[in-house]
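Numbering (my numbering), first residue to last: 341 to 697.
Don't be surprised by glycine CBs; every beta carbon is placed ideally from N, CA and C.
A short worksheet on the structure shown next.
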């Protein structure tokens with residue numbers, strides 16, 4: 341049974357809680373929070389009326405502000421390319437190597453300390469999409485990273501049993517590797533105007549529906565514009581939707597109700613995470629566009645030899661036709677010349693015969 345069964349609404353909030361926010365969270369079927377900001381007692385208060393809670397964990401990146409985790413990393417925990425660590429200067433974070441057993445152990449400890457120990461129902465695994473974004477063009481590395489993620493998920497399942505596991509993005513990785521081990525996947529920027537007009541998105545909706553039918557993996561969607569249209573599109577697709585207008589750092593009631601108490605000043609860490617997430621989404625979009633452009637270029641390159649061949653065949657056919665036409669003209673000219681010569685010879689012979697008589 342999927343722990344997300346029965347969830348009809350949810351909200352993502354990475355800021356600090358107030359008493360009013362904790363009470364309002366009870367109106368939701370599911371909330372996703374930054375566990376560092378919560379005590380076990382606060383989590384129990386949220387769950388008092390049946391609300392499920394997921395705690396944020398980043399599995400494919402470590403930001404330098406997270407000094408506690410950074411200090412525990414070994415060299416093999418960082419993913420390196422050409423001997424260099426992959427650093428995202430825009431948000432000062434490093435790409436990690438999920439195939440590293442040591443790093444997997446660190447993540448499992450994070451889950452124990454920040455999720456399990458606080459009575460949180462499951463883990464929201466951010467940055468999983470980096471696997472597809474960074475390694476799609478290197479099948480060997482792609483398989484290593486996907487296998488590493490699967491091994492991490494298997495260990496989490498073995499240790500923590502029915503703990504809910506939801507990954508953020510990484511659609512290809514879900515389809516090929518993680519579907520049997522996760523309960524859900526999040527699709528951010530699920531905006532109706534883009535989704536309806538984008539062939540890739542339409543195809544992905546069908547793939548996620550097929551994954552759900554086979555493995556019971558629920559899709560959580562988030563829109564930032566066209567709330568009503570996006571919500572309807574998600575509902576028609578069988579997805580669970582939330583419209584986010586405040587970048588996850590201000591509590592808003594979204595689909596349920598809205599508290600009158602002002603939310604506290606957003607935590608710098610939460611603001612940075614949201615900014616980073618939006619940048620990753622934009623980067624993913626640009627990479628898809630670039631990949632599609634490369635595919636079009638490849639198709640054009642493959643089609644060019646065929647077009648060139650057809651042009652050569654057409655040119656050769658025209659040349660043969662011209663040669664044939666010239667040859668016919670020459671044969672006709674030679675025939676006329678021969679016929680005229682024969683006629684002249686015949687006239688000359690007739691004149692000589694008349695003269696001899």
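query, result
"Sequence-distant residues of its chain with Cβ nearer than 7 Å to residue 375 (five each side left out)", "395, 396, 454, 455, 458, 460"
"Residue 494 versus residue 446 - alpha carbon distance", "15 Å"
"Assigned exposure category for residue 677 - 16 Cβ within 10 Å defines buried", "exposed"
"Integer Cβ distance of residue 557 from residue 502, believed to fall under 8 Å", "That belief does not hold up - the Cβ atoms of residue 557 and residue 502 are roughly 15 Å apart, past 8 Å."
"Rounded straight-line distance, which links the Cα of residue 359 to that of residue 383", "12 Å"
"Range of the contiguous beta strand (DSSP E) that encloses residue 582", "580 to 583"
"DSSP bridge partner residues for residue 526 (one or two, in chain order)", "508, 560"
"Strand pairing of residue 372, partner residues [DSSP]", "352, 394"
"8 Å contact criterion, which residue 348 and residue 369 should meet: CB distance rounded", "6 Å"
"Exposure of residue 574, with buried meaning 16 or more beta-carbon neighbours within 10 Å", "buried"
"Beta-carbon proximity check, residue 462 vs residue 437, cutoff 8 Å", "no"
"Integer Cβ distance of residue 562 from residue 582, believed to fall under 8 Å", "5 Å"
"Alpha-carbon to alpha-carbon, residue 681 and residue 664", "25 Å"
"Buried or exposed by the 16-neighbour rule on C-beta atoms within 10 Å, applied to residue 401", "buried"
"As assigned by DSSP and simplified to three states, the class of residue 544", "helix"
"Classification of residue 408 by the beta-carbon crowding that lies within 10 angstroms, buried from 16 upward", "exposed"
"For residue 567, the first and last residue of its enclosing alpha helix (DSSP H)", "567 to 576"
"Which listed residue (476, 530, 452, 532) has its alpha carbon closest to that of residue 497", "452"
"Pick from 478, 491, 526, 431 that is closest to residue 469, judged by C-alpha positions", "526"
"Burial state of residue 529 (16 or more Cβ within 10 Å)", "buried"
"Rounded straight-line distance, which links the Cα of residue 588 to that of residue 547", "27 Å"
"Assigned exposure category for residue 699 - 16 Cβ within 10 Å defines buried", "Shown here, the chain extends from 341 to 697; a query on residue 699 therefore has no answer."
"Residue range of the beta strand (DSSP E) that includes residue 464", "462 to 466"
"Endpoints, the beta strand (DSSP E) within which residue 403 is located", "401 to 403"
"Outcome for residue 364 when other beta-carbon atoms lying within 10 angstroms are tallied against a minimum of 16", "buried"
"Presumed contact (8 Å Cβ cut-off) between residue 476 and residue 517, rounded CB distance", "Going by Cβ atoms, the distance from residue 476 to residue 517 rounds to 13 Å, so no, they are not a contact pair."
"Spatial neighbours of residue 473 in its chain, beta-carbon cut-off 8 Å, leaving aside the 5 residues before and after", "620, 623, 624, 627"
"Enclosing alpha helix (DSSP H) for residue 521 [first to last residue]", "Premise fails: residue 521 is in no alpha helix (DSSP H) and is neither H nor E."
"Same chain only: Cβ atoms within 6 Å of residue 553, ignoring 5 sequence neighbours per side", "none"
"Short Cβ contact (8 Å threshold) for residue 464 with residue 399", "no"
"Supposed contact pair residue 566 and residue 533 - C-beta distance, whole angstroms, cut 8 Å", "6 Å"
"As assigned by DSSP and simplified to three states, the class of residue 429", "coil"
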